[in-house]
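Here the structure is laid out as structure tokens; the discussion comes afterwards.
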Amino acid sequence: MKKLFSLLLLLTALFANNQFCQASGLDSLKVAYKISSEDSVRVIILNKLTDEMWRMGSYSKAEKCAQYAQKIARASNFKSGIAGALNNLGIINMIQGKYPEALEFFFHSLKISEELNNQHIIAKTLSNIGSVYWNKKDMKTALEYYYKSLKIYEDVKDKVGVSNSYNNIGVVFAENDEEPKALEYYNMALAIQEKLGSKKEAANTLNNIGNIYWNMDSLETALRYQFQALEMRELNDDKQGVAMSLVNIGGVYLDLKKYNEALLYFNKSKQFALEMGIPLIAKESEMLISNSYDLMGDVAKAFDHYKRYISYRDSIFNEENTKSIVRSEMKYEYSKREQEAKLKQEKKEALHQLEFQKQTLQRNALIAGFGLMFALAGVSFRSYRNKRKANNLLAIQNKEIITQKATIEGKNKDIMDSIKYAKRIQEAILPPSNLLKKILPEHFVLYKPKDIVSGDFYWISPLNNHKGIGMESFLLAAVDCTGHGVPGALMSIVGHNGLTRAVKENHFIKPSDILNYLNHSVHETLRQSYEESSVKDGMDIALVNINCKEHKLEFAGANNPLLIVRNGNIIEIKGDKQPIGSFTGDNLRPFKNNEVPIFKGDCIYIFTDGYVDQFGGPKGKKFKYTQLKELLLKINNESMPLQCNILNEKIEKWKGNLEQVDDICIIGVRIL
Numbered sequence: 011m012k013k014l015f016s017l018l019l020l021l022t023a024l025f026a027n028n029q030f031c032q033a034s035g036l037d038s039l040k041v042a043y044k045i046s047s048e049d050s051v052r053v054i055i056l057n058k059l060t061d062e063m064w065r066m067g068s069y070s071k072a073e074k075c076a077q078y079a080q081k082i083a084r085a086s087n088f089k090s091g092i093a094g095a096l097n098n099l100g101i102i103n104m105i106q107g108k109y110p111e112a113l114e115f116f117f118h119s120l121k122i123s124e125e126l127n128n129q130h131i132i133a134k135t136l137s138n139i140g141s142v143y144w145n146k147k148d149m150k151t152a153l154e155y156y157y158k159s160l161k162i163y164e165d166v167k168d169k170v171g172v173s174n175s176y177n178n179i180g181v182v183f184a185e186n187d188e189e190p191k192a193l194e195y196y197n198m199a200l201a202i203q204e205k206l207g208s209k210k211e212a213a214n215t216l217n218n219i220g221n222i223y224w225n226m227d228s229l230e231t232a233l234r235y236q237f238q239a240l241e242m243r244e245l246n247d248d249k250q251g252v253a254m255s256l257v258n259i260g261g262v263y264l265d266l267k268k269y270n271e272a273l274l275y276f277n278k279s280k281q282f283a284l285e286m287g288i289p290l291i292a293k294e295s296e297m298l299i300s301n302s303y304d305l306m307g308d309v310a311k312a313f314d315h316y317k318r319y320i321s322y323r324d325s326i327f328n329e330e331n332t333k334s335i336v337r338s339e340m341k342y343e344y345s346k347r348e349q350e351a352k353l354k355q356e357k358k359e360a361l362h363q364l365e366f367q368k369q370t371l372q373r374n375a376l377i378a379g380f381g382l383m384f385a386l387a388g389v390s391f392r393s394y395r396n397k398r399k400a401n402n403l404l405a406i407q408n409k410e411i412i413t414q415k416a417t418i419e420g421k422n423k424d425i426m427d428s429i430k431y432a433k434r435i436q437e438a439i440l441p442p443s444n445l446l447k448k449i450l451p452e453h454f455v456l457y458k459p460k461d462i463v464s465g466d467f468y469w470i471s472p473l474n475n476h477k478g479i480g481m482e483s484f485l486l487a488a489v490d491c492t493g494h495g496v497p498g499a500l501m502s503i504v505g506h507n508g509l510t511r512a513v514k515e516n517h518f519i520k521p522s523d524i525l526n527y528l529n530h531s532v533h534e535t536l537r538q539s540y541e542e543s544s545v546k547d548g549m550d551i552a553l554v555n556i557n558c559k560e561h562k563l564e565f566a567g568a569n570n571p572l573l574i575v576r577n578g579n580i581i582e583i584k585g586d587k588q589p590i591g592s593f594t595g596d597n598l599r600p601f602k603n604n605e606v607p608i609f610k611g612d613c614i615y616i617f618t619d620g621y622v623d624q625f626g627g628p629k630g631k632k633f634k635y636t637q638l639k640e641l642l643l644k645i646n647n648e649s650m651p652l653q654c655n656i657l658n659e660k661i662e663k664w665k666g667n668l669e670q671v672d673d674i675c676i677i678g679v680r681i682l
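So for the sequence shown, this note's numbering puts the first residue at 11; every next one is plus one.
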């Protein structure tokens, strides 16, 4: 049913934007445009027209309208109108997946809005930029822009903008499987919407809350919220909302295995969609009805409704594409006939010319003969001269190409030699395998750089002499530096040196003290400051001090957590929500030190985010923390080398043919 959940998000987006814009509003705007004479008023109307057009799915018309609005606004130096047109162009490109172009329009609009000090447009544009990064699955950057937008809306006391920002932030947390955080922001948005009497927006938020509980498998709670959303949408006469609520409720009943109730609501949604002329919802309702009968064991009815689903699908294709096909065929036929007529005319002219030449030759045979001889001689001479020039030019060009090729190959070799040398340097700072085996008899390290060199590294430092097998106390870290490849490798050298100095020179052993020292060290090395530096590089880290003698563990983390599997249960200790590096000043907070007891047989895991952020699987989505924790619970009784193999095979299968998105580092240790 998670598949259905994703489908509903898609359908909601489609029908919120495309199907139910009021044609009367569009007509009124067109009339207003015709009777307006002032350029600024016409630009405002054109921007509103653009907004209506893209919401109806007429992206080509909307783009032309926005470009015309921008042209008039620039001619009259109406900067607010220019910013509005650029914002619309950004939205149109974002909807069509043209993210670089969308960002270019949004940032241009933002610059103009800041010059005008128009806080409302600034906040709106920041929110739109956040949505581009959300679509690009860069949730961290999306959240940054949503928070910036929220801050401005709060400053100007725009409660509608604040509620929209809360909803956007909630969507990011939902995408990151942080359901409690998502619910917190959805509920804050709902409180504002109810206070303002924004019933349609409140219904949408109730729907979002219901979907969160549905995703958490709290099905009864999900059902309660979906019914509230349905009731409010019916009161608001929100037809597309009603249609989607009926599908949502049917989906929850399907997960509850209440198949008759599910069928009731799927049939209602289908009937509602047919009455309103929405074949897309009717099509998906038929598919869900087919799935319901299949789960009930009624194969005949399941097959019958599946055939209806195919019929709807084909009819939708025909409606959307028949006109285009006919136009293409007519264009082809016209072109074909035009070409045939052209060939006939050319043939006629050629015959006429041939007859004329024949008569001329008969009258002037002798003169033509001599003329032809001289002409051929001239042509031959010119041909020879041109050929010689061409050969000389070709020889020069070939020589230049060979020289350039040799130069490029030489530079590429130099670059690759430098990268390989950087790899050897990076490998030299990683703990040797014999040291790891000496300190950690039962361990594994899954280390998979994205490129030749890596932005991830692991680090270990014994704190006393060993007695027998293993060390009594040691420090262990998994570190994720900004970027990957050569930039990440350079940061890894900075991080490794900082960790080593913290222990060897300053004698820190408490993880929080080490991270605080490393934080200041990175700032000093990169000369970062909150106000003036453009260098915002840093690292995320999970650092543990394992004391086997005293049976305790100390942990501090910069964004990254620690996992302990004990007796079939998993214990998660979260790191601080701040990286090493990035900023100094008021934003710098000391890291928290966590101390927990450890027992024989405990499995301890630290890791970077490359594993959980890998895209793949049947839907091309992230692997995510939840799935990693389930996998570690399942395999923790296996030997450490076997655990490493299982983790590697799992992520390779998940990735499939997709590209590895980041460096991967997971370390597992069993307490003996």
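Idealized CB from N, CA, C, for every residue including glycine.
Beta-carbon spacing of residue i, residue j below 8 Å
| i | j | result |
| --- | --- | --- |
| K684 | Q624 | As displayed, the chain neither begins before 11 nor continues past 682, which places residue 684 out of reach and without an answer. |
| G220 | A239 | yes |
| K460 | D673 | yes |
| H561 | I608 | yes |
| A79 | V53 | yes |
| V513 | L485 | yes |
| L233 | V262 | yes |
| N98 | N57 | yes |
| L563 | V532 | no |
| N570 | S483 | no |
| A438 | G465 | no |
| Y109 | K146 | yes |
| W469 | P441 | yes |
Residue i, buried or exposed, once every other Cβ within 10 Å from all chains shown has been counted against 16
| i | result |
| --- | --- |
| K663 | exposed |
| L668 | exposed |
| T60 | buried |
| V170 | exposed |
| A566 | buried |
| F313 | exposed |
| F404 | Reading off the sequence, residue 404 comes out as Leu, not Phe. Looking at its Cβ environment, which holds fewer than 16 other Cβ atoms inside 10 Å, L404 is exposed. |
| T510 | exposed |
| V166 | exposed |
| F117 | exposed |
| E296 | buried |
| Q588 | buried |
| E640 | exposed |
| H130 | exposed |
| V181 | buried |
Best match in the options for proximity to residue i [C-alpha to C-alpha]
| i | options | result |
| --- | --- | --- |
| A201 | S173, I320, N217 and G220 | S173 |
| A184 | G251, N225 and S175 | N225 |
| A199 | N507, Y275, E271 and N217 | N217 |
| L245 | K210, Y269 and D227 | K210 |
| A487 | L563, K602, A438 and F617 | F617 |
| I524 | P451, I551, L536 and Q355 | I551 |
| K293 | L305, K278 and M306 | K278 |
| G698 | L284, K644 and T215 | The question about residue 698 has no answer, for the chain in this structure spans 11 to 682. |
| A72 | G100, A93 and E204 | G100 |
| F454 | S321, P651 and G627 | P651 |
| N177 | Q203, I162 and D187 | Q203 |
| A93 | L126, W64, I105 and E111 | L126 |
| Y156 | S649, N603, K134 and P190 | K134 |
Beta-bridge partners of residue i, as assigned by DSSP
| i | result |
| --- | --- |
| G626 | K631 |
| K293 | Bridge partners of K293: none, in fact. |
| N569 | I551 |
| E564 | N555 and E605 |
| G678 | F454 and Y615 |
| F467 | V489 |
| P472 | F484 |
Interface flag, residue i vs chain B, CB-CB below 8 Å
| i | result |
| --- | --- |
| L284 | Chain labels in this structure do not include chain B; a single protein chain is all it has. |
Cβ-heavy atom distance, residue i to the ligand PLP, below 7 Å
| i | result |
| --- | --- |
| S208 | The ligand content of the structure shown is nil, which means the ligand PLP is not present either. |
Could you pull out every unbroken alpha helix (DSSP H) segment of at least 4 residues lying fully inside the stretch 424-461, listed in chain order?
-> 443-449
Which runs of the alpha helix (DSSP H) fall wholly inside the stretch 573-607 and span at least 4 residues, in chain order?
-> Runs found: none.
Please go through the stretch 219-269 and give each complete alpha helix (DSSP H) segment of 4 or more residues, from N-terminal end onward.
-> 229-245 and 249-265
Those runs of the alpha helix (DSSP H) which lie wholly inside the stretch 45-94 and span at least 4 residues = 49-65 and 69-85
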